[in-house]
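Asks: Questions regarding the structure given below will be posed in turn.
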Amino acid sequence: KRGSLVLPIRRGAMAMRAMTRCGWRASRRWASFGCLNETQEQVREMTRGFAESALFPVAAENDKLHRFPAEVIRELGELGLMGCQVSEAWGGSGLDTISYAVAVEELSRGCASTGAIVSVHNSLYCDSVQSYGREEVFEAFLRPFAQGEKVGCFGLSEPGNGSDAAAASCVARRVEGGWRLSGTKAWTTNGIVGSAAVVFATFDKSLGHKGISAFVVDTGADGFSFGAPEDKLGIRASTTASLILDDVFVPEAQLLGREGDGFKIAMKILDSGRVGIAAQGLGIAQASIDLAVKYAAERNAFGKPIASLYAIQHKLSDMACRYDSARLLTWRAAAAKDDAKPFSKHAAMAKLAASEAATFCAHQAIQILGGMGFVSDMPAERYYRDARITEIYEGTSEIMHLVVATNLLKEYAALDIALPAAPPKHAHHDHALSHAAA
Amino acid sequence: RKVSQRAGMSKPLRVLVGVKRVVDYAVRVRVAADNKGVELANVKMSMNPFCEIACEEAIRLREAGVAGEVVAVSIGPKQAAETLRSALAMGVDRVIQVTTDLRLDQELQPLATARLLRAIAEKEEPDLIIVGKQSIDGDNGTTGPMLAELLDWPQATFASKLEVVDDGSAAVVERETDVGTETIKLPLPALISADLRLNTPRYPKLPNIMKAKKKPIETLDAADLGVDLDLANLVLSVNTPPPRPPGVTVADVDQLVDKLKNEAAVL
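One line per chain: the protein sequences are S and A, in this order.
To get my numbering, take the position in the first sequence, counting from 1, and add 5.
To get my numbering, take the position in the second sequence, counting from 1, and add 691.
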């Protein structure tokens, strides 16, 4: 019996060691990340102030007119927000990932379209070029983008495949000095306004995902054109369009990583991108909560503010809990990335939680505002429409579940899980009988 | 030097800016339960808005080549370092922190503050001191003028426009007063206090926020500066203003005039 007491503890220790391998010990350092450090607080102050003064006043109109906020993007460039994580040597700001997440969240609170533009430009375009591009292309394809003079896009999805990224049909034909790319990329944020695009194309379909390469392409190149801007439900101030490549020449130097690395690059870049999109969802959720609380405090029904009614309080609590848990997941993913730890699972959890928090909070905000939530006089309806995309792009929620489950199963496969023993079937019954007999 | 020469300055100025850490302007201030002061625990603190304007003006002078160095000083608890780092993030060159545990809205009063700033000014030898016209906690508006007096310098308060002229030997200032705008010229060194319309402070750029982290903060203790910090005034109690009484309906115009004359005393 004593032996059986010792065994679970030993197994527990093994589990601890295995979890440490997965980064549990590192999470003790993150115990205080519910708070921001001074720099992160300063970033938050600045982006929040900017959002309130520059984004709040124009977000509704830009949404109504489907207008790209060029003026705002220029100012964001001057503030260093278009090169958040680009190194200072190349005109960027060298921010840590939590600061970046905070910045995107505050901008998205003001205008989710701006959040989308900034997130895609930073995480998908700049990160790809900086992490995988050759230094010889940085002067043309990184510096002006980090300084906000030009905007970048990311062409991965195609009309025929979104989640099934490995089934790329855009082809890269090897030619003298480089490649010629032909095909169509769909749903590209920052299309039309983008001066360069990261494009994924296959040089050998028979190799499946190993046959895909990543390139940085000048959108002004011969044969490159944009499709018509999409008429979207939400984030309407951002421009989304297809990229049409008709035998576009891409020089050797503009290959990202090595030939065949494309799929791996896409997956790694999307992990970072998911932190950005999670942050965008958090901004929309925060804006929805702000609006709902303010409205509920002022709107009277049954002789008192509706904020005093439990039905409303329950909704607000639900919104706050989902928002805050998603935020902690997001910051944990960001901290893991900065610690150079594997963070795919964390990023997927963050994006999943934050996007669902965004749609939930926006939905409930409309509900709390009632009729006022349904009209464009209040931003609730815009938050609702903007939130919807966060569950779709940069990996649908279904794909997020897939990523989390795959990682989870891998983690468990490395552990020897101890389950508590089932009680012996008849021992207690016999014990009681023997007592009774005695 | 090229920028200074283009600005017509043979020797760029050193500008000293005073910045104060106060309750954030957006916070709804509450009186503490003991009525001895306002509630400061767990309340958001930021740089005084008029100090931000003062900082911004100094940085603009440097960018125009008129100033060569901008030094910011703040008096307060160790958290005042955050205010100084905000100043660094905006773009000031150097910061000095004078530490004290005295409560800034009550215990450290304008005359004592002015004396401390004089000690700093005598050390730093600035050509121009820019401060905010008042801080939003005490709202005294006296520290700047007192400091100018202690230094025996000319002063221009409530500045809405500042121009340095005559190769840095004088300044032309537009002052906003209750009866209109006054333009005066004063020789430097001088003290200017900034009013709301002097400028709109910039948002700190991200690279500057990151750089500010690494810059040093020179720290001095208020007690070491040999300054008399005694209270000139004692705060007896702090109370919320009484709620506005409800309006009264008057029967006719005669009654209205009577009330305006005899009760409200505005006629």
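Glycine included, every Cβ here is placed at the ideal spot set by N, Cα and C.
If we cut at 7 Å on Cβ distances, does Leu-248 of chain S have a partner in chain A?
Replies: For Leu-248 of chain S, the answer is no, since every Cβ of chain A falls outside 7 Å of its Cβ.
Asks: If we require 3 or more residues per run, which beta strand (DSSP E) segments fall completely within the region 807-882 of chain A?
Replies: The qualifying runs are 819-823, 846-856, 861-868 and 871-878.
Asks: Under DSSP, the beta strand (DSSP E) around Glu-968 of chain A begins and ends at which residues?
Replies: Limits of chain A in this structure are 692 at one end and 958 at the other, which puts residue 968 of chain A out of reach.
Asks: Which of helix, strand or coil does DSSP assign to Ser-124 of chain S?
Replies: Of the three classes helix, strand and coil, the one that applies to Ser-124 of chain S here is helix, per DSSP.
Asks: Compute the beta-carbon to beta-carbon distance between Ser-113 of chain S and Gln-318 of chain S, rounded to the nearest angstrom, for a pair I have assumed lies under 8 Å.
Replies: Between Gln-318 of chain S and Ser-113 of chain S the Cβ distance is about 26 Å, and since that is not below 8 Å, they are no contact.
Asks: Over what stretch of residues does the beta strand (DSSP E) that includes Glu-909 of chain A continue unbroken?
Replies: Per DSSP, Glu-909 of chain A belongs to the beta strand (DSSP E) from 909-912.
Asks: Helix, strand or coil, according to DSSP, for Arg-33 of chain S in the structure here?
Replies: With a pLDDT of 38 at Arg-33 of chain S, under the threshold of 50, the modelled position of that residue is not reliable, and the figure given next carries that caveat. Note: Arg-33 of chain S maps to helix in three-state DSSP.
Asks: How is Ala-171 of chain S classed by DSSP in three states: helix, strand or coil?
Replies: Coil.
Asks: Assuming contact is defined by CB atoms lying nearer than 7 Å, are Val-156 of chain S and Val-198 of chain S in contact in what I supplied?
Replies: In contact: Val-156 of chain S and Val-198 of chain S (Cβ atoms closer than 7 Å).
Asks: For my contact list, Thr-207 of chain S and Ala-173 of chain S are in at a C-beta cut-off of 8 Å; report their separation, rounded to the angstrom.
Replies: Right, their Cβ atoms sit about 5 Å apart.
Asks: Using a Cβ-Cβ cut-off of less than 8 Å, give me the residues of the region 770-781 of chain A that come near chain C, in sequence order.
Replies: Among the chains of the structure shown, chain C does not appear; the protein chains present are S and A.
Asks: Would Ile-750 of chain A count as contacting chain S if we go by Cβ distances under 7 Å?
Replies: No, Ile-750 of chain A lies away from the interface with chain S (no Cβ there is under 7 Å from its Cβ).
Asks: Which class does Lys-309 of chain S belong to by DSSP, given the choice of helix, strand or coil?
Replies: Residue state, collapsed to three classes: strand.
Asks: What in chain S is Cβ-close to Pro-740 of chain A, meaning under 7 Å?
Replies: Per Cβ cutoff of 7 Å: no residues; Pro-740 of chain A is ~12 Å from chain S at best.
Asks: Gly-938 of chain A CB to nearest chain S CB: under 7 Å?
Replies: No, because no Cβ of chain S sits closer than 7 Å to the Cβ of Gly-938 of chain A.
Asks: Between the region 115-123 of chain S and the region 69-79 of chain S, do at least 3 Cβ pairs fall closer than 8 Å?
Replies: At 8 Å Cβ cutoff, the stretches touch.
Asks: Would you identify the three-state DSSP class for Val-11 of chain S, choosing helix, strand or coil?
Replies: With a pLDDT of 39 at Val-11 of chain S, under the threshold of 50, the modelled position of this residue cannot be trusted; read the value that follows with caution. It is helical.
Asks: What separation, rounded to the nearest whole angstrom, lies between the Cα atoms of Arg-72 of chain S and Asp-209 of chain S?
Replies: One C-alpha to the other measures close to 39 Å.
Asks: Taking Met-377 of chain S as part of the beta strand (DSSP E), name the residues at either end of that continuous run.
Replies: Met-377 of chain S -> not in any beta strand (DSSP E); alpha helix (DSSP H) instead, spanning 376-379.
Asks: Which same chain residues end up closer than 6 Å to Lys-952 of chain A when comparing Cβ atoms and leaving out the 5 residues on each side of it in sequence?
Replies: Excluding positions up to five away in sequence, the list reads Leu-958.
Asks: Quick check on Gln-47 of chain S - is its C-beta less than 7 Å from some C-beta in chain A?
Replies: Closer than 7 Å to some Cβ of chain A, the Cβ of Gln-47 of chain S qualifies, so yes.
Asks: Taking Cβ-Cβ distances shorter than 8 Å, what residues in chain S pair up with Lys-896 of chain A?
Replies: What Lys-896 of chain A touches in chain S: Glu-83, Leu-84, Gly-85 and Ser-98.
Asks: How would you label Arg-33 of chain S, buried or exposed, when you count the other beta carbons within 10 angstroms and need 16 or more for buried?
Replies: A caution first: Arg-33 of chain S carries a pLDDT of 38, below 50, which makes its placement in the model too unreliable to give a value.
Asks: Does the region 884-891 of chain A come close enough to the region 843-853 of chain A to have 3 or more Cβ pairs within less than 8 Å?
Replies: Yes, they touch.
Asks: Just by C-beta distance, which residues in the region 51-63 of chain S are closer than 7 Å to chain A?
Replies: If the cut-off is 7 Å between Cβ atoms, the region 51-63 of chain S has Met-51, Gly-54 and Phe-55 near chain A.
Asks: Measure how close the beta-carbons of Ala-370 of chain S and Leu-296 of chain S come, nearest whole angstrom, since I'm counting them as under 8 Å.
Replies: Confirmed, about 5 Å.
Asks: Would Thr-119 of chain S pass as an interface residue toward chain A - the criterion being a Cβ-Cβ separation below 7 Å?
Replies: Thr-119 of chain S does not count as touching chain A.
Asks: Could you check whether the region 230-240 of chain S touches the region 300-311 of chain S, counting it as contact only if at least three pairs of C-beta atoms, one from each stretch, sit closer than 8 Å?
Replies: Cβ pair count under 8 Å is below three, so no.
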